[in-house]
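Notes to accompany the following structure.
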Amino acid sequence: MTKDDFLFLVETETIHDFLYKGKTYTITYDKSPDGRKWIVFGDIADKQKYDSVGEFLNKAKIENHFFKDMLDIF
């Protein structure tokens, strides 16, 4: 997946699942009570919400690796 592919998924709010070392990770979306869009990311046991694409790319991790550094794996 390229960064542009990822940005397209977020812009179109497309749910995406992928495997990494036998674990399934999911990108989904939610809205806060005040209408802001969240990106929800993680495995089944641990999901985090991010307010923006920038926050997601700067904070989202898979194990000890930033998601943005692993885009080409997916």
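My numbering puts the first residue of the sequence shown at -4, with every later residue one more than the last.
All C-beta atoms in this analysis are idealised placements derived from N, C-alpha and C, irrespective of residue type, glycine included.
Exclusion of the five residues before and after Tyr24 leaves Glu8, Lys32, Trp33, Ile34 and Val35 as the residues of its chain whose Cβ lies within less than 7 Å of its Cβ.
The beta carbon of Lys26 sits closer than 8 Å to those of Lys32 and Trp33, all from its chain and outside the five residues before and after it, given in chain order. If you ignore the 5 residues before and after Phe62, its C-beta comes within less than 6 Å of the C-beta of Ala55, all in its own chain and listed in chain order. The shortest C-alpha to C-alpha distance from Thr21 to any of Asp0, Leu2, Glu6 and Gln43 is the one to Gln43. A distance below 8 Å between beta-carbons, with the five flanking residues on each side excluded, links Thr19 to the following residues of its chain, in chain order: Asp12, Phe13, Asp38 and Ile39.
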